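In the working numbering, the protein residues as written are 244 to 403.
For each residue, glycine too, the CB sits at the ideal point set by N, CA and C.
Treat the numbers as computed from the prediction; the structure is a model and nothing was measured.
Right under this line is the structure:
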């Protein structure tokens, strides 16, 4: 039975494994090749690659709350993965959206557990430094919003 559920949700699990692997490879490259704090310009001074660490959440808020973020991430992952496993006939777009979010959460969770901080490296001027896991989470949230508010709304309108 469990294998049947995995087969039905294979897109979710495949995407999740691929995205987490990609995130961890990117962070490994940053650790291996980039000195801490050094900025390497990509697009002038607007976008650079810069090895930074973050013990907080987005924009560095709640710094030093690593244990809280580990607990919250584990709780969140249990909830989302439980939903994916429980929900029958989970649409592909929903599987993909949730895999982006779960992958990003796992990627940052790995950092927090292994290092006590998250590795950030995308540095946008006038913004904060972030990483691939953060990008994955944002893509997942945006695609989830699109699915719920645009696609599902259009289906509702067509039924009327």
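- The C-alpha of residue 319 is placed about 19 Å away from the C-alpha of residue 391.
- Scanning its chain for C-beta atoms nearer than 6 Å, with the 5 sequence neighbours on each side dropped, one finds around residue 255 the residues 327, 338, 342, in chain order.
- In the displayed model, residue 298 falls within coil according to three-state DSSP, outside both helix and strand.
- At a Cβ-Cβ threshold of 7 Å, residue 363 and residue 295 count as neighbours.
- Three or more Cβ pairs closer than 8 Å define a contact, and the region 330-337 falls short of that threshold against the region 258-265.
- Taking C-alpha positions only, residue 267 is separated from residue 395 by approximately 34 Å.
- Exclusion of the five residues before and after residue 299 leaves 305, 306 as the residues of its chain whose Cβ lies within less than 6 Å of its Cβ.
- Burial check for residue 321: the Cβ neighbour count within 10 Å stays below 16, so the residue is exposed.
- Shown here, residue 283 sits in a strand according to DSSP, grouped into three states.
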